[in-house]
Structure formats: structure tokens, C-alpha cells
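In this note's numbering, the protein residues as written are 17 to 74.
Structure representation (C-alpha cells):
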């Protein structure tokens, strides 16, 4: 006996995947900022702020 995926379940899965994708994008932005901070091509003083990133799922 197979279960059918309801519209609500499908929407929940889609929303969950969107959240995961956004978290991955935020992680890439953070990693890029960290790499830029370590780069010798960065600001002359090397003073680059890497913001804290927090994600809240409602």
C-alpha cells in the first residue's frame, strides 16, 4: 500500500528545500568573506568585517 503525497506535504517539502538552499547560499557568502579577509588582495589594512549570519526558521 503506497501513500500519496498530499498537497500540504508537497508544499512542506518544497519549503524545506528552499530553506536548505538559502542556508547553503548564506554559507557560501560567509566562506567567500572569510577567503577575502585572508587574501592579500583585500583592503590595504586587511580590516574586513565578517558578519555573523543567523537563520531563523519560522
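The beta-carbon is built from N, C-alpha and C at its ideal position, and this holds for glycine as well.
Assigned secondary structure, residue 55 (DSSP; H/G/I helix, E/B strand, else coil): coil
C-alpha distance - residue 48 paired with residue 25, whole-angstrom precision: 35 angstroms
CA-to-CA distance, residue 33 to residue 42, given in whole angstroms: 14 angstroms
Assigned secondary structure, residue 77 (DSSP; H/G/I helix, E/B strand, else coil): Outside the shown range of the chain (17 to 74) lies residue 77, about which nothing can therefore be said.
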